[in-house]
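Chemist: Just so you know, the sequence shown maps onto residues 2 to 186 in the numbering used here. My questions will all concern the structure given below.
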Amino acid sequence: MQTITAPKSTSADSSHAGASNIRSFDLDNNTVFQNLLNDASVKQYIERQEDGSYDWTWTPSDGPTTTQQSVARWLIGSAEGTIDGSAARDDSYTQSDVDLFKTLTGYNLVLTPAGASLVCDDFGKGVPNADKSLVNEARTLIDTIAFARRDANLGSGSLPSTICLRCCSVMAETRMAISMQQRLF
């Protein structure tokens with residue numbers, strides 16, 4: 002049995018689509034995780050401990066995991082800190098970037114403390130083929146904004162007009178210019 006324990010958060014901050022802190026994993030307030038708990042195929046591998054933590058109990062003998070099961074395991078591992086990708090960590094994304102991605106696509110851009118990411122709907126399901134192009138284009142836009150901000154050493158501050166012009170170019174290429182102009186400027 003593979004056990005990954007995620008502690009119950011005591012922080013007021015939580016991380017899920019539309020939440021206030023993209024680096025906190027309060028699973029009790031994570032919309033995607035809570036929706037996954039309603040999926041019997043996922044819930045069968047999640048145990049809630051007396052201290053409020055979650056254990057992932059899937060074993061290889063249980064067979065391959067579904068996308069939803071993988072997302073649940075990933076969120077539990079992220080909350081616990083067992084997903085270690087510190088060398089790849091990138092703090093370029095802000096909550097505004099994550100919110101913009103959700104507005105553009107309807108999907109969640111979930112970031113781990115290690116800086117890795119995945120895209121899923123509110124129920125932990127992956128992106129259907131029909132939406133992959135839109136999601137990829139939106140991700141290109143979000144990456145352009147985030148990395149331009151990082152390269153300009155702005156932290157979460159406003160973007161200079163030259164960076165805004167580059168972002169507008171990307172938006173035009175992705176056919177999202179009209180809906181995005183108001184958001185960026």
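For every residue, glycine included, the Cβ atom is placed at its ideal position computed from N, Cα and C. Just so you know, these numbers come straight off a predicted model, no measurement behind them.
Q69 to L37, Cα distance in whole Å?
Modeler: One-based indexing of the sequence shown puts residue 69 at position 68. One-based indexing of the sequence shown puts residue 37 at position 36. Q69 and L37: Cα-Cα distance of roughly 7 angstroms.
Chemist: I'd like to confirm the pairing. Which residues does DSSP put opposite S118 in its beta bridges?
Modeler: Residue 118 sits at position 117 when you count from the first residue of the sequence shown. Looking at the DSSP assignment, S118 forms a beta bridge with L112.
Chemist: Tell me whether A149 is buried or exposed, calling it buried when 16 or more other Cβ atoms sit within 10 Å of its Cβ.
Modeler: For this step, residue 149 is matched to residue 148 along the sequence shown. Classification for A149: buried.
Chemist: Grouping DSSP H, G and I as helix and E and B as strand, with all else coil, what is D27?
Modeler: To locate residue 27, count along the sequence shown from 1; it is residue 26. Three-state DSSP puts D27 in coil, outside helix and strand.
Chemist: Counting C-beta neighbours from all protein chains within 10 Å, is the total for S134 16 or more, i.e. buried, or is it exposed?
Modeler: In the sequence shown, counting from the first residue as 1, residue 134 sits at position 133. Its Cβ having fewer than 16 others within 10 Å, S134 is exposed.
Chemist: Classify T106 as buried or exposed, calling it buried when 16 or more other Cβ atoms lie within 10 Å of its own Cβ.
Modeler: Within the sequence shown, residue 106 is the residue found at index 105, counting from 1. The residue in question, T106, is buried, as its Cβ has 16 or more Cβ neighbours within 10 Å.
Chemist: Cα separation between D27 and E81?
Modeler: Here the question's residue 27 lines up with position 26 in the sequence shown. Here the question's residue 81 lines up with position 80 in the sequence shown. Between D27 and E81, the C-alpha separation is close to 10 angstroms.
Chemist: Quick one: is W57 buried, meaning 16 or more other Cβ sit within 10 Å of its Cβ, or exposed?
Modeler: Here residue 57 refers to the residue found at position 56 when the sequence shown is read from its first residue. When all chains shown are included, W57 counts as buried.
Chemist: Considering Cα atoms alone, identify which of Q50, I77, Y46, G53 is closest to G64.
Modeler: Indexing the sequence shown from 1 puts residue 64 at position 63. Here the closest residue by C-alpha is Y46.
Chemist: Please state whether DSSP places P61 in a helix, a strand or coil.
Modeler: Within the sequence shown, the letter at position 60 stands for residue 61. Reduced to three states, the DSSP call for P61 is helix.
Chemist: Please say whether V136 and V120 have beta carbons closer to each other than 8 angstroms?
Modeler: Residue numbering aside, residue 120 sits at position 119 when the sequence shown is read from its first letter. Residue numbering aside, residue 136 sits at position 135 when the sequence shown is read from its first letter. Yes, the Cβ-Cβ distance between V120 and V136 is below 8 angstroms.
Chemist: Between Q69 and chain B, is the shortest Cβ-Cβ distance under 8 angstroms, so that the two count as touching?
Modeler: Here there is only one protein chain, and chain B is not present.
Chemist: Measure the C-alpha to C-alpha separation of D144 and D122 and round it to an integer number of angstroms.
Modeler: Walking along the sequence shown from the start, residue 144 turns up at place 143. Walking along the sequence shown from the start, residue 122 turns up at place 121. Computed Cα separation, rounded: 19 angstroms.
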